[in-house]
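Asker:
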Amino acid sequence: FAINMTQLQLEEELGRGNYGTVKKVLHKPTKVYMAMKEIRLELDQSKLNAIIMELDILHRAAAPEIVDFYGAFFIESCVYYCMEYMDAGSLDKLEGEGIPEGVLGRITGSMVRGLKFLKDDMQIIHRDVKPTNVLVNRKGEVKLCDFGVSGQLERSLAKTNIGCQSYMAPERIKGESQNNLGTYTVSSDVWSLGLSMIEMSLGHYPYPPETYANVFAQLTAIVHGDPPELPEERYSDDARDFVSRCLHRVPELRATYAELLDHPFLVEDQTRAVDMPGWVAQAIDYRDSKQREQLEKQQQQHQQQQ
Ligand code: ADP
Numbered sequence: 149f150a151i152n153m154t155q156l157q158l159e160e161e162l163g164r165g166n167y168g169t170v171k172k173v174l175h176k177p178t179k180v181y182m183a184m185k186e187i188r189l190e191l192d193q194s195k196l197n198a199i200i201m202e203l204d205i206l207h208r209a210a211a212p213e214i215v216d217f218y219g220a221f222f223i224e225s226c227v228y229y230c231m232e233y234m235d236a237g238s239l240d241k242l243e244g245e246g247i248p249e250g251v252l253g254r255i256t257g258s259m260v261r262g263l264k265f266l267k268d269d270m271q272i273i274h275r276d277v278k279p280t281n282v283l284v285n286r287k288g289e290v291k292l293c294d295f296g297v298s299g300q301l302e303r304s305l306a307k308t309n310i311g312c313q314s315y316m317a318p319e320r321i322k323g324e325s326q327n328n329l330g331t332y333t334v335s336s337d338v339w340s341l342g343l344s345m346i347e348m349s350l351g352h353y354p355y356p357p358e359t360y361a362n363v364f365a366q367l368t369a370i371v372h373g374d375p376p377e378l379p380e381e382r383y384s385d386d387a388r389d390f391v392s393r394c395l396h397r398v399p400e401l402r403a404t405y406a407e408l409l410d411h412p413f414l415v416e417d418q419t420r421a422v423d424m425p426g427w428v429a430q431a432i433d434y435r436d437s438k439q440r441e442q443l444e445k446q447q448q449q450h451q452q453q454q
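Heads up: the sequence shown begins at 149 in UniProt numbering, then just goes up one per residue.
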């Protein structure tokens, strides 16, 4: 069945990304809550139609580690994309001061299985692996979203914020600077996975912008510097070795998904007891208390200015 706007009751805004807003909606015929992403594109009807058709293959991308796709439609020059509502939001906001090893193992296992499914069963390379594109729910499920399925959509979204916080592998950064987009392979996603794990361990992006004079210096650090590592004090040798297998500068030397699944870090995850719903609940509390603090600070500053 095809979803359209008249079936949807709009609820609150869930977030804003680079390309548009995400709202919670109720699909009235099925009473299912969904997340609806609005992407504003200045395109003609035929190109919008092409995007909707390309997105259709997402109906086949059904796996426990992939956010369910419910359908897409366009109105005027906006594409609306409806997906499974994940009630804990994206991982970047749940990192707190760093995610403990057991939880990191669970999350990583889901990410690797999701990425392997996309590649083996769908012939899709994700191309945008980062904590913002990993969604979580209160049940403790961890799922990937925002992967590149529509060539037309990718081409239409202006790639404005290259740099800043780049999860791109060194070979991609070099390729982009030479205008060579053909260098993207599945192992570029493995780099981004490793970098995302470091971010999850620290609670922030591993290459802090303030330590570099500019974006160019940061990209140079990614391309030429030693790859970052998991902090020694808080993570086991297995966890640290796992990440180092992802963050090789030479793409051919990075582990494959099959090798990562066989790595002791993920083998142990299969038998380790981890209270994921408990972790999600406390991560949400921490996130919300930080947000409240920030809001109060802003209000105080506002009052002082008046
Ligand atoms: P970006 O363009 O930066 O990847 P998105 O536009 O995809 O960001 O999403 C913006 C925010 O909306 C996310 O950070 C997340 O908090 C929220 N969000 C996105 N998709 C969902 C979803 N399926 N369920 C719940 N929240 C979501």
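Glycine is no exception: its CB is placed at the ideal position from the N, C-alpha and C atoms.
#1: Are there any heavy atoms of ligand 3 lying less than 7 Å away from the beta-carbon of Asp294, as far as the coordinates show?
#2: Who are the Cβ neighbours of Arg275 in its own chain at under 6 Å, not counting the five residues just before and after it?
#3: Alpha carbons only, please: which of Thr404, Tyr434, Glu400, Glu159 is nearest the one belonging to Pro318?
#4: Using the C-alpha atoms, what's the distance from Ser194 back to Asp436?
#5: Using the three-state DSSP reduction, which class does Gly253 fall into: helix, strand or coil?
#6: Do the segment 218 to 237 and the segment 177 to 187 meet, that is, are 3 or more Cβ pairs less than 8 Å apart?
#7: How is Phe390 classed by DSSP in three states: helix, strand or coil?
#8: With Met348 as the anchor, note down where its alpha helix (DSSP H) starts and where it stops.
#9: Please return the same chain residues whose Cβ sits closer than 6 Å to the Cβ of Thr308, not counting the five positions on each side in sequence.
#10: Is it the case that the CB of Ala209 approaches a heavy atom of ligand 1 more closely than 7 Å?
#11: How about Val277 and Met234: are their beta carbons less than 8 Å apart?
#12: Measuring straight from C-alpha to C-alpha, what distance separates Leu239 and Thr280?
#13: Any heavy atom of ligand 1 inside 7 Å of the beta-carbon of Arg164?
#14: Could you check whether the Cβ of Gly262 sits closer than 7 Å to any heavy atom belonging to ligand 1?
#15: In whole angstroms, what is the alpha-carbon distance linking Asp374 and Lys291?
Answerer: A quick look at the data gives this:
#1: Ligands in the displayed structure: ligand 1; ligand 3 is not one of them.
#2: Looking up residue 275 in the sequence shown gives position 127. If we look at Arg275 and ignore the five residues flanking it on each side, its Cβ neighbours are Gly296.
#3: As a position in the sequence shown, residue 318 is number 170, starting the count at 1. Sorting Thr404, Tyr434, Glu400, Glu159 by C-alpha distance to the C-alpha of Pro318 places Glu400 at the top.
#4: One-based indexing of the sequence shown puts residue 436 at position 288. One-based indexing of the sequence shown puts residue 194 at position 46. Using only the alpha carbons, I get a separation of about 43 Å.
#5: Mapped onto the sequence shown, residue 253 falls at position 105. The answer is helix: DSSP assigns Gly253 an H, G or I state.
#6: In short, these stretches touch, since the Cβ pair count reaches three.
#7: As a working note, residue 390 is residue 242 in the sequence shown. Phe390: helix per DSSP, three-state reduction.
#8: Locating residue 348 in the sequence shown gives position 200, where the first residue counts as 1. Unbroken alpha helix (DSSP H) run through Met348: 334 to 350.
#9: The count along the sequence shown starts at 1 and reaches residue 308 at position 160. Caution applies to Thr308, whose pLDDT of 48 falls short of 50 and renders its modelled position unreliable; the model cannot decide the point.
#10: Along the sequence shown, read from residue 1 onward, the residue named residue 209 stands at position 61. Ala209 Cβ: outside cutoff for every heavy atom of ligand 1.
#11: Your numbering for residue 277 matches position 129 in the sequence shown. Your numbering for residue 234 matches position 86 in the sequence shown. Note that the C-beta distance between Val277 and Met234 is not below 8 Å.
#12: Within the sequence shown, residue 239 is the residue found at index 91, counting from 1. Within the sequence shown, residue 280 is the residue found at index 132, counting from 1. If you take the alpha carbons of Leu239 and Thr280, they lie about 6 Å apart.
#13: Translated into the one-based positions of the sequence shown, residue 164 becomes position 16. For ligand 1, at least one heavy atom lies less than 7 Å from the Cβ of Arg164.
#14: Counting from 1 along the sequence shown, the entry for residue 262 is found at position 114. False, no ligand heavy atom lies under 7 Å from that Cβ.
#15: Counted from its first residue, the sequence shown places residue 374 at position 226. Counted from its first residue, the sequence shown places residue 291 at position 143. Each residue's alpha carbon lies about 30 Å from the other.
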